[in-house]
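> Residue 53 is where the sequence shown starts when you use this note's numbering, and the numbers rise one by one after that.
All residues carry an ideal CB built from backbone N, CA and C; glycine is no exception.
Computed from a predicted model, the values in this text were never measured in an experiment.
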Amino acid sequence: MEEHVNSFVMANSNKCIGCRACEIACAAKHRKNNSGGTVGTMNNEVVPRLFLVKKESMAMPIQCRHCTEAFCVNVCPVKAIVENHGSVFIQEDKCIGCKNCMLVCAVGAVNLLPRIESQVSKGRIKPKVSAVAYKCDLCIEEGGKPACIEECSQGALKLVKCEENEDYSGELNTKKTL
């Protein structure tokens, strides 16, 4: 049986300096209104789809590994999480915020964001707040490389494509982990 590995971003903890440029690039790339913002002018919280974890002498971004046969895909009751073209994606418009995907993610890469929808009732606008799951999507919709990789000045992040599955296995087994 041929083994298939989905594409994912691999981090080299020996190169990561903990500058958080990857988080900022990710958050900027996924701004819903596509408008620029500077500190003090943004109304929305900066929310990256990867998170930097720092331990004593090491730093490493944590993000979705786009698992083959991903548990999050299997536990979603509304099939809002799908595997497509070698990656795992959340269809945010279908997500009901049940948190099942968050609970089964082995690397803690799935998180929830508040989703605010306006409802009109008796001539008044009432916001309805619910939750929606989000995680790394490899910046597929935007095209090109993931923003985190493009912004990493140290070359600590690398996109491993599904067809390179034999090339990365040795590299994964030689790196210092958290």
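What residues are listed by DSSP as bridge partners for S139?
Numbered from its first residue, the sequence shown carries residue 139 at position 87. BP columns for S139 point to N136.
> Just curious, the alpha helix (DSSP H) that N163 is in, first and last residue?
As a working mapping, residue 163 is identified with position 111 in the sequence shown. Here N163 belongs to no alpha helix (DSSP H); instead the beta strand (DSSP E) covers 163-173.
> If contacts are defined as beta-carbon pairs under 8 angstroms, then Q143 and A132 qualify, I think. What distance do you get, rounded to the angstrom?
In the sequence shown, counting from the first residue as 1, residue 143 sits at position 91. In the sequence shown, counting from the first residue as 1, residue 132 sits at position 80. 5 angstroms between Cβ atoms; contact.
> Counting pairs of beta carbons, one from the segment 111-129 and one from the segment 144-156, are three or more of them closer than 8 angstroms?
Touching, yes, given that three or more Cβ pairs across the two stretches are closer than 8 angstroms.
> Determine, using beta carbons only, whether C200 and C74 come nearer to each other than 8 angstroms.
Position 148 of the sequence shown, counted from the start, is the residue given in the question as residue 200. Position 22 of the sequence shown, counted from the start, is the residue given in the question as residue 74. Cβ atoms of C200 and C74: closer than 8 angstroms.
> How is the alpha helix (DSSP H) around K81 delimited, first residue to last?
For this step, residue 81 is matched to residue 29 along the sequence shown. Here the alpha helix (DSSP H) through K81 covers 73-81.
> DSSP puts L211 in a beta bridge; with which residues?
Indexing the sequence shown from 1 puts residue 211 at position 159. Note: L211 sits in a beta bridge opposite V61.
> Mapping the DSSP letters down to three states, classify L155 as helix, strand or coil.
Along the sequence shown, one-based indexing puts residue 155 at 103. DSSP places L155 in helix when its eight states are reduced to three.
> Can you check DSSP and say which residues form a bridge with P179?
The residue you call residue 179 lines up with position 127 of the sequence shown. DSSP output for P179 lists S170 as bridge partner(s).
> Measuring CB to CB, does C188 end up less than 8 angstroms from C153?
The count along the sequence shown starts at 1 and reaches residue 188 at position 136. The count along the sequence shown starts at 1 and reaches residue 153 at position 101. No, the Cβ-Cβ distance between C188 and C153 is not below 8 angstroms.
> Would you tell me roughly how many angstroms separate the C-alpha atoms of V140 and Y186, rounded to the nearest one?
Residue mapping note: residue 140 aligns to position 88 of the sequence shown, counting from 1. Residue mapping note: residue 186 aligns to position 134 of the sequence shown, counting from 1. If I take the Cα positions, the gap works out to 11 angstroms.
> Please classify N66: is it buried, with 16 or more other beta-carbons within 10 angstroms of its beta-carbon, or exposed?
If you number the sequence shown from 1, residue 66 lands on position 14. N66 should be labelled exposed.
> What's the C-alpha gap between M62 and I177?
Position 10 of the sequence shown holds residue 62. Position 125 of the sequence shown holds residue 177. Roughly 45 angstroms between the two C-alpha positions.
> Where P179 and I168 are concerned, what is the direct C-alpha to C-alpha distance, given to the nearest angstrom?
The residue labelled residue 179 in the question sits at position 127 within the sequence shown. The residue labelled residue 168 in the question sits at position 116 within the sequence shown. Taking the straight line from one Cα to the other gives about 6 angstroms.
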